[in-house]
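If you count by mature numbering (1 follows the signal peptide of the UniProt record, and there is no 0), then the sequence shown holds residues -23 to -1, 1 to 578, one letter each, in order.
Some notes on the structure that comes next.
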Amino acid sequence: MNFRLSCIDCWLLILFAENGKSGLQKQAAVIEKLCIEFSTQNFKTNVFFINQQCITIDEDDRAGWLSHLLYGKQHGFGTWDGVFTTVVINTFGITVFLRTGWVVANAGIGESVLILLLGIMLAIIPVLSAIEICERCQIQSGGVYFLVSHVLGAKIGGAVGIIFILGQIVANSMVAVGFGESMASLINVENIWVSRGFALGSTIILLDIVLTIRVNVAGIKWVIRTQIALLCILILAVCDFLIGALATRKPESGVLGMSSEVFVNNSKPDYEPGENFFTVFGVYFSTFTGILSGVNMSGDLKDPVTSIPLGELAGLGVSVLMALAFILSLGSIGERSALHLDINFVQKASLTGFLLLGGIYVSSLSAIISGLYVSPRLLQSIAAENVIGFMKCLVKGRGPNKEPVYATVLVTILTLIFIFIGSFNLLAKIATLPYLMMYAFINYSYFSLAMTYDLVQLKQNKSTDYGTVYKLETDLPPVDGVFPSELSIQPIVSKKKSWYSYITNRWLALIGAAANIMLIFFIDWKSTLILLAILCLIYFYIGQTTPGVSQGGISQFSVVNSFKFVLGKSDPTAKEQPVIPYNTPEMKTEITQVTASEYNY
């Protein structure tokens, strides 16, 4: 692995060998020599060897530049630089730029706003559920897949994780296709193979970037810095469009200028053949597929408990306001036929055009890079848990950071296949289904977690004064300090009081889960059945090939037992009754010689 150091006017190249203790010691000595020679500070480096790999730890914080540059020393990020920027970048993307006009042309302004509000509701509920799961289970880090697996068990978690990765791959293909369509429209070519060519070319080039530039080397701080720069570009693109919507008038391109007459004409729906409210919603909801990206950063935050709720809700609020501004502006200036057909209508209505195109292309390419980097990591982590047997080969990585090369190649191949399959709208609908299903499992996980906590409390508070056993009252002090090993560990804590806890409710989570399941059937019931079949096959495959995997997580809640309790056929809090027979079972004893009767024995 190559690292480049810049000290004063000297450029040095240090090559780290993966094997050989003596070579690593020499290179560590070179590093110490460089630190002493090129810095006025006192640097001291300790080198440890674990499994023939060099792990270097900086002992002097004043030498931070070296550890930051070489080893990507992680800093805790805050609400705005960590969570807020990540959420805005991952939610306000190519769907808003290229498909808001199409949504307004089909659904009209009124139903478009309704689609946006419905998307907000379905997106904010799993965010709050994930936050509550992290807090009540005291989870400091881990993605949404880990949350589901932790609560509902490895079998369900593994199956849902594969579906979630499938959704990420399709969403990545959707962004690539949208980038290709925009490029083809920019050069006035309406050939589908030209747009697919742009999509394939961009994906392959960005794959080479992902495999060449190791993001882990620079550390997460460079990712955050890049996101801040992207956020600035997005803000410029949004301002370019909003100012242009007020000042631009191009009747030949369908930009009629802002007027109340145009607003009234575009207020009612006018669906194309084969489209309806739910299909249009399925396309537009793809913009909310990155809403949980802030939760995935919990391990890199200074104070996740404070930063995640505020950053997630603030990022979602800003993204929604900008999306609402796009809907109202396009409905007030655009001719309906132009909104239907011209995917680059937003660029034609903007003030300069190039700023908006810069926002489109930068957000698209960054989303593709993120998809090619995050999805293989998640695939590798699922394979490393040894839950799904045929995925063992994906655990292998290369380099000191165990880069998932095989998983990256698999994700790229699937991405290219989906690029050939369909258009932007089709891929957006397909990508929406796995995410809605994942959100449903997150919501149900929190509902099951809250019900489990109440069930445990009922069992603990229920009186133990039954039979011949009675409570013994004594003035002796507790002996928990004498026998600490016998202390019971409570995996679930009570709900904490906070400013957002008043809008977090288990029943709201259950309603959200049911709404997600119903919507995926309304959007495309055929694809939903295929998705559910894949989910069930993976679930039963894990049960058959890996019988030792945990059947359930920390959740003790069961829907079947709840129905039995409602019908009066069982009590989930009932104590287990020991069965003592009246008569002692008959016992027989026999003398058996276990060795042969020989002299040697």
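Quick reminder that beta carbons are idealized off the backbone N, C-alpha and C, glycines included.
1. Mind checking Asp501: buried by the 16 CB within 10 Å criterion, or exposed?
2. If the criterion is Cβ atoms closer than 8 Å, does the pair Gly134 and Val125 meet it?
3. Is DSSP giving Lys50 helix, strand or coil here?
4. When you compare the CB positions of Asn243 and Gly308, do they come within less than 8 Å of one another, or not?
5. Alpha carbon to alpha carbon, how far is Pro250 from Ala161? Give it in angstroms, no decimals.
6. By DSSP, does Lys132 sit in helix, in strand, or in coil?
7. Around the Cβ of Thr264, are there at least 16 other Cβ atoms within 10 angstroms (buried) or fewer (exposed)?
8. Leu328 by DSSP, collapsed to three states: which one?
9. Roughly how many angstroms lie between the CA atoms of Phe240 and Gly96, to the nearest whole one?
10. Specify whether the region 60 to 76 and the region 327 to 340 touch according to this definition: at least 3 beta carbon pairs, one from each stretch, less than 8 Å apart.
11. Tell me which residue opens and which closes the alpha helix (DSSP H) that Lys503 is part of.
12. Taking its Cβ as the centre, do 16 or more other Cβ atoms sit within 10 Å of Leu43, making it buried, or is it exposed?
13. DSSP state of Val232, grouped into three classes?
14. Output the boundary residues of the alpha helix (DSSP H) element that contains Ile86.
15. According to DSSP, Glu380 sits in a beta bridge with which residue or residues?
16. Alpha helix (DSSP H) containing Val64: first to last residue?
17. Under the rule that 16 or more other beta-carbon atoms within 10 Å means buried, what is Val166, buried or exposed?
18. Alpha carbon to alpha carbon, how far is Gly288 from Gly231? Give it in angstroms, no decimals.
19. Under 8 Å by Cβ, that's how I've got Leu316 and Asp217 pegged, so tell me the actual separation to the nearest angstrom.
20. Output yes or no for whether 8 Å exceeds the beta carbon distance between Thr256 and Lys406.
21. Thinking C-alpha only, which one of Met274, Val137, Leu93 and Ser284 is nearest Leu298?
22. Using a Cβ-Cβ cut-off of 7 Å (strictly less than) and excluding sequence neighbours within five positions of Ile497, which residues of its own chain qualify?
23. Using DSSP with H/G/I as helix, E/B as strand and the rest coil, what is Gly311?
24. Thinking C-alpha only, which one of Gln145, Leu99, Gly178 and Ser270 is nearest Thr63?
25. Count the other CB atoms, across all protein chains shown, that sit within 10 Å of the CB of Met495; report buried if there are 16 or more and exposed otherwise.
26. Measure from the alpha carbon of Leu318 to the alpha carbon of each residue in Ser89, Glu158, Leu514 and Leu487, then state which is nearest.
27. Exposed or buried, Phe397, counting other C-beta atoms within 10 Å across all chains shown (16 or more means buried)?
28. Taking all protein chains shown into account, do 16 or more other C-beta atoms lie within 10 angstroms of the C-beta of Ile71, making it buried, or fewer, making it exposed?
29. Which of the three DSSP states, helix, strand or coil, is assigned to Lys369?
30. Give the DSSP-derived three-state secondary structure of Lys472 in the structure shown.
31. Can you name the residues that DSSP bridges to Leu278?
32. By DSSP, does Phe26 sit in helix, in strand, or in coil?
33. Which residue wins for smallest C-alpha separation from Leu211, given the options Ala510, Ser343 and Gly138?
34. Label Gln145 either buried or exposed according to how many other C-beta atoms from any shown protein chain fall within 10 Å of its C-beta, with 16 as the threshold for buried.
35. Nearest-angstrom Cα distance between Glu563 and Gly489?
36. Go ahead and label Gln229 buried or exposed: buried means 16 or more other beta carbons lie within 10 angstroms of its beta carbon, across all protein chains shown.
This is what the structure gives:
1. buried
2. yes
3. Here the model assigns Lys50 a pLDDT of 45, short of 50, so the residue's position is not dependable and the matter cannot be decided.
4. yes
5. 25 Å
6. helix
7. buried
8. coil
9. 23 Å
10. yes
11. Trp502 to Thr522
12. Annotation note: pLDDT 36 at Leu43 (below 50); position unreliable, no value reported.
13. strand
14. Ile71 to Arg113
15. Arg375
16. Thr62 to Thr68
17. exposed
18. 38 Å
19. About 19 Å separates the two Cβ atoms, so there is no contact after all.
20. yes
21. Leu93
22. Leu410, Leu413, Met414 and Thr505
23. strand
24. Ser270
25. exposed
26. Glu158
27. exposed
28. buried
29. helix
30. coil
31. Phe54
32. With a pLDDT of only 32 at Phe26, under 50, the local geometry of the prediction cannot be trusted, and no value is derived from it.
33. Ser343
34. buried
35. 59 Å
36. The residue asked about is misnamed: residue 229 is Glu in this sequence, not Gln. Exposed, since its Cβ has fewer than 16 Cβ neighbours within 10 Å.
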